[in-house]
Structures are given as C-alpha cells and as structure tokens.
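Take a look at the structure set out below.
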Amino acid sequence: MNETFRLGRIAGVDVGVNWTVLFIFGLILFGLSTVQFPLLFPGAGTVTYWVAGLVAALAFFASLLAHELAHAVVALRYGIRVDGIVLWLFGGVARLRDEAPNPTADLRIAGVGPLVSVVLGLLFSGAAALAALVGVGGITLGVLGWLGLINLVLAAFNLIPAAPLDGGRILRSVLWRTRGDRTEAAIIASKAGRVFGFVVIGIGLAQLIFGPGFGGLWLVLIGWFITSAAGAEEQQARLQSSLGGLRVEQLMTPDPVTVTGDMTVASLLSDYVLANRFSAFPVVDEAGGPTGLVTLTRIKQLDDEQRRATLVRDIACDPDEIALVGPRESVTAILPRLGACADGRAVVVEDGRVIGIVSPTDITRMLRIADL
Ligand SMILES: [Zn+2]
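Position 132, counted from 1, in the sequence shown is what our numbering calls 118; the numbers after and before it change by one each time, with no gaps.
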C-alpha cells in the first residue's frame, strides 16, 4: 500500500493516497448518489444527488484522515518516527517506524484513532439532530446523518479486538501490561486477528453463495487482508523475540565492499559484482559517507546497453530509502525500517562512515543460531 500521489504535509506528517482509494471513493459516491439518496429523499434533481454524494464522500475521507492523523500525532509525541499516512482500498494506515516504548504509549497510539472517529460520529449525528430540530430536512440531513453513522461504524469496526485493527493493538497493550511480555501479547492479538479474518471470509463466502449480488466478495477481500496482515504481525513478533537483545554489530557483515556513484553500471558489474560474492554495494562519497545502495535487483532491470550508459548513482536507492543504522542499535529496532528498495538490507554507519551491512541472510543465519 505505497502512496501513488502525495496530498501534502499535515501537522508534520506526510499524507499520501494510493490509487486503490479511487475505487472505494467511486463506490461510495456512486452508491450514495444513485441509490441511497434518491431512495431516501425522492424528488431532488440528479445534480443535487451527485453534489451531496461528493460532499459526503469527501467528508468521509477527511474523517478517515483525521483518524489516521491522530495515531500519527500521538506516536510522534512518544518520539516514534512516522513515515506518513496512506489512504488506500481498506481505509487508512499510519506507517510507524518504531515500536511503542511501553504499554501505555501502545494503548494511547491505538486508542486515539477510534476515539477521534467516535467524536466525529457524535458531532455529525448531533449536527443532523440539530438540523432536524430547526427544520432543515431532506438531503442535507441525509449527508450529516450518513457521516455520523459511518464514523461510528468505523470506530466500532476498528475496536474489534483483532490485530491489525486498532482493537487488536489495544488488546496487545492491555496484555502487555498485565503479563509483562510484549511478544506474547502481540502473538495473542495476531492470533485473534487471524481467527477474526477467517470469520469474515466465512461470512463473505456464505453471502456469495446464498445471498444476492457480489457484496460477499468485498468481505472475503477484507477478511483475507486481515488474516494475512495478522499473520505477518505474528511472524514479526516471533522474530523480535528470537532476536531480542542482539545488537547490529553482532550480526552485520563488517567492512563491506563499497562503490562510488560515478562509475557505470557495466563497470560495477564487471569489476565488483562478478569479483565479489556480494549482491549489494553501499555507494559512498570520498569521505566514506553513505550516498546510496545498489542491489542486483536494480541492476537486473537494465539491459546491456543501458548498463553501459547508466551511472551507479542513477539506479542506487537514495539514502532516505535505505535504513541507515548504528552498530549499537538493537536488531529488533531496525527490523521495521528494512525497506523494499534495499531488498531488506540496512547500511551500518558510524561517525558518518559506512562500516557494515546487514542483509536478510545475516538475520536468518542469526535466527538459526538462536534456534540452537
Ligand atoms: Zn486506526
């Protein structure tokens, strides 16, 4: 769920939108403008229905944004780095780089999102009630009422105690507090998430088979998303418990072969890749400072001719796309930062110089040793 285009920066948080959000936006707009509003408020013109639908859909996404922003802002207050917010097919996601430092922080970061949705739901519902009281009826009432309801539904759904939903994180924080073990708490919350995901898939399948239309397909998709996200979280939690206490310098490959950005990809291939067993090379400046990372995956995307014409710096991952970590950081702390561009690698930097590299192989090898 990467961002396709950026909306801007709000309260110090980057806000982006994935193209899949257009699908759900269209679904809401179309549903409200052509089905729900004409049914509930007959007699208005087509343009009115579409304008009302557009206003409602935009306000809904603004509400979703407020929910995610609340997560991000509270996380920032606890010193957690936030990569930004992305709105996508199944709502929004605040991408946090670090884990919460303690159960209270975990609870507050998770709880504030649904809290904002409840407040918005009550505000819109109150406005709808007020509008009805002073005699404003019709479609204005419809828009306010729908926004009130949808925000309350959003809060209720998110409070289901199953990871990766907010309720799952709340469950994790409570278990973490009562049992004192974050990993165990995270594993239980993830298991609840998988069970809940399967239940949703089951309901969706039953609806597909026995019910009218294809509404069940949507539930199957949501259930599948919850199940797989919960599974990934469980794996992450287990990984963190196996690697607990380990520092980066204990598993990094020290003194990696580095390259400069001004050589061609062809010479990188002949002089470095074929001469060494490594599949990633930190790109450094004259002082040995990191300016990027070039991987075999990136080289493979070019044909022979392009390799002769392209410089390493043009295909290298930018420094802000790779995890630059310190040798004494804990391995579990760097895991969430291992990005896709670097194929899950981290570059170890000390005093501004590259001193090592951590690859997924280093991590799996360490896991095997931990298993012994
Ligand atoms: Zn949330």
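In this text, a Cβ means the ideal position worked out from N, Cα and C, and glycines have one as well. The structure displayed is predicted, hence computed values, not measured ones.
* Per DSSP, cross-strand counterpart(s) of residue 82 -> Looking at the DSSP assignment, residue 82 forms a beta bridge with 68.
* To do: Considering only heavy atoms of ligand 1, list every residue whose Cβ is less than 6 Å from one of them, following chain order.
  => 53, 57, 99, 144 and 152
* Would the beta-carbon of residue 38 fall within 9 Å of that of residue 18? -> yes
* Asked: When the distance is taken between beta carbons, is residue 228 closer than 9 Å to residue 309?
  -> Taking 9 Å as the Cβ cut-off, residue 309 and residue 228 do not qualify as a contacting pair.
* With a 10 Å radius around its C-beta and 16 neighbouring C-beta atoms as the bar for buried, classify residue 54 as buried or exposed. => buried
* Distance, Cα to Cα, residue 207 vs residue 90? -> 32 Å
* **Which residues DSSP lists as bridging residue -5, in chain order** => 0
* Close-in-space but distant-in-sequence residues of the same chain around residue 159 (CB under 6 Å, 5 per side omitted) -> Excluding its 5 nearest sequence neighbours in each direction, residue 159 has C-beta neighbours in its own chain below 6 Å: 89, 92 and 93, listed in chain order.
* Report all residues from its chain with a CB closer than 6 Å to the CB of residue 322; omit the five preceding and five following residues, and keep chain order. => 83
* Please name the residue in 258, 78, 70 and 344 whose C-alpha comes closest to that of residue 232. => For the residues 258, 78, 70 and 344, the minimum Cα distance to residue 232 belongs to 344.
* How about residue 65 and residue 80: are their beta carbons less than 9 Å apart? -> Contact: no.
* To do: For residue 151, name the three-state secondary structure that DSSP assigns.
  => coil
* In whole angstroms, what is the alpha-carbon distance linking residue 68 and residue 11? -> 25 Å
* Any 3 or more C-beta pairs closer than 8 Å across the segment 246 to 254 and the segment 213 to 223 -> Touching, no, given that fewer than three Cβ pairs across the two stretches are closer than 8 Å.
* Asked: Does the count of Cβ pairs from the segment 207 to 216 and the segment 176 to 193 closer than 8 Å reach three?
  -> yes
* **Status (buried if at least 16 other CB within 10 Å, exposed otherwise) for residue 9** => Around the beta-carbon of residue 9, fewer than 16 other beta-carbon atoms lie within 10 Å, marking it exposed.
* To do: In angstroms with no decimal places, state the Cα-to-Cα distance between residue 335 and residue 277.
  => Roughly 11 Å separates the two Cα atoms.
* Asked: Using the rule of at least 16 other Cβ atoms within 10 Å of the residue's Cβ for burial, across every protein chain shown, is residue 256 buried or exposed?
  -> exposed
* Asked: So what does DSSP say about residue 240, is it helix, strand or coil?
  -> The answer is strand: DSSP assigns residue 240 an E or B state.
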